[in-house]
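Since the structure comes first, as structure tokens, the remarks are kept for the end.
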Amino acid sequence: MRRPVAVRVVGPVQWIFIPALIAVAATIVLATPIELFGLSLPEPVTPMVLAFAWPLIRPSIIAPLVLTALGLFLDVFWYGPLGLWPLALLAIYAVVLGSRSFLIGQETAVLFVWYAAGCGLAFSAAWLITTLLAGNPPSILALLGQVVPTLLLFPFADRMIERFEDGDVRFR
Amino acid sequence: MAFRDGPFENLKVPLVWTAAVAVVACAVGAVLLLVSDQRGAGSTWQPARAGVETVAGPVGGVFAAPVRWFGHLADGVGGYFFAVSENRRLKRQLAELEPWRDQAIALKNINARYEAMLGIRPEPPVPMRTARSVSDSRGPFSNARLLDIGAARGIKIGNPVINEHGLVGRIVGTSPHVSRMLLLTDVASRTPVLVDRSDARAILTGDGSGNPRLEFVRGAGSVQPGDRILTSGDGGAFPRGLPIGVAARGVDGSWRVKLFSDRGAIDYVRVLLFEDFGQLVGPEALNAPPLAALETLPEATAAQAAAIDDAAARRAAAARAALERAAEPAPAPAPAPAAAPAAGAPE
């Protein structure tokens, strides 16, 4: 007689909603107007970590909806045009979702290269959209000032993937 | 019968495809939002933005408060340890500035007399409100701040914002207790400016970097490094003469402005409750056709009509008399007198 095996299932609250709330909280905290020695806090786009990690953890219908909500939050909170960050975040999600079968189980270095490429795609899309809407290209140096802190968030994406990748045995 | 024992036993939900459909649907929604939103006072989504900012303002204030307290503490400690050197520096500065103060008073008096002689109506004093910055976005795509003051204190969209060094930005959104300030460095910011030395006009254009660009500069040599840049007041959005910064050449060769407002933290600011001519008069009056007011004149009274008829009759009689005088033959010319001897002629 086969013994029943306990299936550990991690629900969307654990791997979608709680990380999304953490990203929102981090965004609000990093928007605090602190200036020390002429330097202010970095302003990374924290939801990009989620846009990269979520499709690798498992495909989901909820994730794109939450990503859109997070993008809209960024648009309103940072006073950008509505729809800018949802499009940028969904671009990363779509690329990683399409490459999921290739990326699953890859080494961390390979994942970082893909994360950097995804961030590059998203920031390029945001730069193009802003240039079209404002009729004025944003400064490349200022753009790098946001890209670099966002890339430095990769360890959080890697940690999320490691933790939740095997959260549901049906997706192994 | 359990669900998995039925006809759908072998049906596998293609999760990747359903996720892809969700991505496409969300992307279409985002594009529609991009098309419909203009980030201005007339935007359909302005009430939604104001609602979020009403919540985000106090939350940002909670995080900003310890920073402010720590800043005051650090200032106090620094002031205690550097009091002597600071005192010496301030005394020297005071001695340098006293002649300038006397000159400024004298020039102010002369200027007031010129204005009185020429009948110039000077601009009225602009009331101000002090506010605190509670949240900040600094990226390349948006440079804006939330202020802890709103429409309840008279703040309106378009009001200029300054700090103790110079112009910082303008108000672009208000809710009762929170307002949104767009900085001069935002990619959507355009400010009409003038060069103090040459009075040349230009447009200050933000690009997300710390030093906005000077565009549409007219005339060769109208800008030089170190020139002070002020608001020109053109268009009526800003009062004339607010200090902005100093002109400098950028790395890319374009003219840029080092902002005065960057000399200190933009924590406390002042909102100018400035209203331009367009706001005071109203668009209906400005866009009215010429002489439209004549249609609203009342009918003439009997006395006015009699006076008008009398004046018209007098003008007609005078015209007739002039015509008759012109028709009469001219009188014969009088005989010429004998030529007098030329003065000093020899007899």
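Respectively, the protein sequence lines represent chains A and B.
Residue numbering for the first sequence follows this note's numbering, beginning at 19 and increasing consecutively.
Residue numbering for the second sequence follows this note's numbering, beginning at -14 and increasing consecutively.
Each residue gets a CB set at the ideal place from its N, CA and C atoms; glycine is no exception.
Which residue wins for smallest C-alpha separation from residue i, given the options the options?
i, options, result
"Ser164 of chain B", "B:Ile251, B:Ile142, B:Asp171, B:Leu189", "B:Ile142"
"Gly56 of chain A", "B:Gly135, B:Glu38, B:Ser246", "B:Ser246"
"Pro173 of chain A", "A:Thr64, A:Leu159, A:Ala38", "A:Thr64"
"Arg175 of chain B", "B:Pro161, B:Arg186, B:Arg182, B:Thr190", "B:Thr190"
"Phe48 of chain B", "B:Leu131, B:Ser160, B:Ile188", "B:Leu131"
"Arg155 of chain B", "B:Ala129, B:Val178, B:His162, B:Gly139", "B:Ala129"
"Glu260 of chain B", "B:Arg117, B:Val236, B:Val62, B:Gly221", "B:Gly221"
"Leu18 of chain B", "A:Gly116, A:Trp132, A:Ala87, A:Ile110", "A:Ala87"
"Leu108 of chain A", "A:Gln124, A:Ala44, A:Ile52, A:Met66", "A:Met66"
"Leu39 of chain A", "A:Trp72, A:Val84, A:Ile52", "A:Val84"
"Ile110 of chain B", "B:Ser239, B:Glu309, B:Pro224", "A small fix is needed here, since residue 110 of chain B is Pro in this sequence, not Ile. Nearest option by C-alpha distance: B:Pro224."
"Ile214 of chain B", "B:Val1, B:Arg182, B:Ser239, B:Ala50", "B:Arg182"
"Leu171 of chain A", "A:Leu102, A:Ala41, A:Trp33", "A:Ala41"
Cβ of residue i less than 9 Å from any chain A Cβ?
i, result
"Ile251 of chain B", "yes"
"Glu38 of chain B", "yes"
"Arg123 of chain B", "yes"
"Phe126 of chain B", "yes"
"Thr130 of chain B", "Residue identity check: residue 130 of chain B is Arg in the sequence provided, not Thr. It does; some Cβ of chain A falls within 9 Å."
"Asp60 of chain B", "no"
"Met(-14) of chain B", "Confidence is the limiting factor: at Met(-14) of chain B the pLDDT is only 46, short of 50, which leaves the residue's position unreliable, though a coordinate-based value still follows. Taking Cβ atoms only, chain A never reaches closer than 9 Å to Met(-14) of chain B, which makes this a no."
"Pro63 of chain B", "Note that residue 63 of chain B corresponds to Gly in the displayed sequence, not to Pro. Not one chain A Cβ lies under 9 Å of Gly63 of chain B."
"Asp192 of chain B", "yes"
"Ala33 of chain B", "yes"
"Gly195 of chain B", "yes"
"Val133 of chain B", "What sits at residue 133 of chain B in the sequence shown is Asp, not Val. Chain A, which has no Cβ nearer than 9 Å to the Cβ of Asp133 of chain B, makes this no."
"Phe223 of chain B", "no"
"Val180 of chain B", "no"
"Arg203 of chain B", "no"
"Val231 of chain B", "no"
"Phe245 of chain B", "no"
With residue i and residue j assumed to form a contact (beta carbons below 8 Å), what rounded beta-carbon distance in angstroms separates them?
i, j, result
"Val146 of chain B", "Val254 of chain B", "5 Å"
"Ala49 of chain A", "Asp171 of chain B", "The pair is not a contact, with the Cβ atoms about 15 Å apart (cut-off 8 Å)."
"Ala4 of chain B", "Pro37 of chain A", "No, Ala4 of chain B and Pro37 of chain A are not in contact; Cβ-Cβ is about 17 Å, not under 8 Å."
"Val242 of chain B", "Ile229 of chain B", "6 Å"
"Tyr133 of chain A", "Trp72 of chain A", "Not confirmed; about 13 Å, so no contact."
What does residue i reach in chain B if we use C-beta pairs closer than 7 Å?
i, result
"Ile52 of chain A", "Val52"
"Ile79 of chain A", "Thr3, Ala4, Ala7"
"Thr262 of chain A", "Any question about residue 262 of chain A goes unanswered here, given that chain A covers just 19 to 190."
"Val175 of chain A", "Per the sequence shown, residue 175 of chain A should be read as Ala rather than Val. Within chain B, no residue comes near Ala175 of chain A; the closest Cβ sits about 18 Å away, beyond 7 Å."
"Pro104 of chain A", "Cys11, Ala15"
"Leu161 of chain A", "Pro125"
Which partner residues of residue i appear in the DSSP bridge assignment?
i, result
"Thr39 of chain B", "DSSP output for Thr39 of chain B lists no bridge partner at all."
"Thr86 of chain A", "In the DSSP output, where bridge partners are listed per residue, Thr86 of chain A has none listed."
"Lys243 of chain B", "B:Val231"
"Pro121 of chain B", "The question names Pro, but residue 121 of chain B is Asp in the sequence shown. According to DSSP, which records beta bridges pairwise, Asp121 of chain B is partnered with B:Arg130."
"Arg53 of chain B", "Its beta-bridge partners do not exist; DSSP assigns none."
"Val178 of chain B", "B:Ala187, B:Thr216"
Between residue i and chain B, is there a C-beta pair that is closer than 9 Å?
i, result
"Leu151 of chain A", "yes"
"Phe70 of chain A", "no"
"Gln164 of chain A", "yes"
"Trp145 of chain A", "yes"
"Leu83 of chain A", "yes"
"Glu61 of chain A", "yes"
"Phe91 of chain A", "yes"
"Gly121 of chain A", "Checking the sequence shown, residue 121 of chain A turns out to be Leu, not Gly. Output row for Leu121 of chain A: interface = no."
"Ala41 of chain A", "no"
"Ser157 of chain A", "yes"
"Pro37 of chain A", "no"
"Glu183 of chain A", "no"
"Ser58 of chain A", "yes"
"Pro73 of chain A", "yes"
"Gly116 of chain A", "yes"
Name, please, each residue of chain B whose Cβ falls closer than 8 Å to the Cβ of residue i.
i, result
"Thr86 of chain A", "Cys11, Gly14, Ala15"
"Ile206 of chain A", "Absent from the structure is residue 206 of chain A, since the part of chain A shown begins at 19 and ends at 190."
"Trp96 of chain A", "Ser122, Gly124, Phe126, Ser127, Ala129"
Mind listing the chain B neighbours of residue i? Cutoff is C-beta to C-beta under 9 Å, in chain order.
i, result
"Trp33 of chain A", "Going along chain B, no residue has its Cβ under 9 Å from Trp33 of chain A, so there is no contact; the nearest lies around 14 Å."
"Val113 of chain A", "In chain order: nothing, as chain B lies at least about 10 Å away."
By the criterion of Cβ-Cβ separation under 7 Å, what are the contact partners of residue i in chain A?
i, result
"Leu18 of chain B", "Leu100, Gly101"
"Ala68 of chain B", "The premise fails here: Ala68 of chain B is roughly 22 Å from chain A at the closest Cβ pair, so nothing lies under 7 Å."
"Leu258 of chain B", "Near Leu258 of chain B there are no residues of chain A at all, since even the closest Cβ is about 22 Å away, more than 7 Å."
"Arg165 of chain B", "Tyr97"
Applying a beta-carbon distance threshold of less than 8 Å, which residues of chain A neighbour residue i?
i, result
"Ser118 of chain B", "Pro51"
For a contact defined as C-beta to C-beta under 9 Å, what are the partners of residue i on chain A?
i, result
"Gly45 of chain B", "Ile46, Ala49, Thr50, Pro51"
"Phe0 of chain B", "In the sequence on display, residue 0 of chain B carries Leu and not Phe. Residues of chain A passing the Cβ test: Arg76, Pro77, Ser78, Ile79, Phe189."
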